[in-house]
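Working notes for the structure below.
Numbering (the working numbering), first residue to last: 600 to 809.
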């Protein structure tokens, strides 16, 4: 009962915080979406800044600009704080830039993940995942969509985990935050929907049973 009450309180607080999340640059986010004949979102340019939570100037490029910030997703209410920083050169290939994302898991302790823009320039994928004292290299094609995507579009990738990304909500309002994005990320052993909002980064995730 107490956990449910705390969860509700956090949602209320998060909603209040997210209402003004877009802040300066709202026009940039609005201009990134093209409407169809019926007036609904049809195609959208998704920048790196939607993932990091940084402000975006509206430029149609995929650049890993300097960032060092932290934020807490609203759903689930007990999700740990996420820190994002970078970019910095990859030791394995100095020509590749990486972002570092970290959090403290209640189950496995510190979790550190390294992300890069994939070769297709249509997503951010992990090259390393460290948790529970184990370090795993990754050849992940994408964990977050980048560039131009259409409403309802799905893309499958030929990586070891058989990644598939499907756009569920191309441009909508989530907890008061306009121009949020919801997509479904499916791999061999996981099926999760993620919501990202301008000025916040990851704000919600929903696990689907398989």
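Quick reminder that beta carbons are idealized off the backbone N, C-alpha and C, glycines included.
Bridge partners - residue i, DSSP secondary structure assignment
i, result
"residue 733", "730"
"residue 684", "667 and 699"
"residue 725", "714"
"residue 752", "For residue 752, which the question treats as bridged, DSSP gives no partner whatsoever."
"residue 640", "634"
DSSP state of residue i mapped onto helix, strand, coil
i, result
"residue 649", "helix"
"residue 694", "coil"
"residue 791", "strand"
"residue 767", "strand"
"residue 603", "Unreliable positioning characterises residue 603 in this predicted model, as indicated by a pLDDT of 42, which lies under 50. The coordinate reading is nonetheless provided below. Residue 603: helix per DSSP, three-state reduction."
"residue 739", "coil"
"residue 757", "coil"
"residue 705", "coil"
"residue 661", "coil"
"residue 797", "coil"
"residue 762", "coil"
Beta-carbon gap between residue i and residue j smaller than 8 Å
i, j, result
"residue 742", "residue 784", "yes"
"residue 650", "residue 800", "yes"
"residue 672", "residue 804", "yes"
"residue 739", "residue 724", "yes"
"residue 791", "residue 806", "yes"
"residue 669", "residue 654", "no"
"residue 787", "residue 746", "no"
"residue 712", "residue 663", "no"
"residue 685", "residue 699", "yes"
"residue 679", "residue 658", "no"
"residue 744", "residue 782", "yes"
First and last residue of the uninterrupted alpha helix (DSSP H) at residue i
i, result
"residue 626", "625 to 630"
Residue range of the unbroken beta strand (DSSP E) whose run includes residue i
i, result
"residue 666", "666 to 670"
"residue 806", "800 to 806"
"residue 713", "708 to 716"
"residue 784", "776 to 786"
"residue 746", "746 to 749"
Beta carbon proximity, residue i to chain C, threshold 8 Å
i, result
"residue 688", "The question asks about chain C, but that chain is absent: this structure has only one protein chain."
Touching or not, the segment 730 to 741 and the segment 693 to 711, by the rule of three or more beta carbon pairs under 8 Å? yes
Taking one C-beta from the segment 631 to 644 and one from the segment 790 to 797 each time, how about it: are there three or more such pairs within less than 8 Å? no
Indicate whether the contact test is met: 3 or more Cβ pairs, each with one atom in the segment 753 to 763 and one in the segment 625 to 636, closer than 8 Å. no
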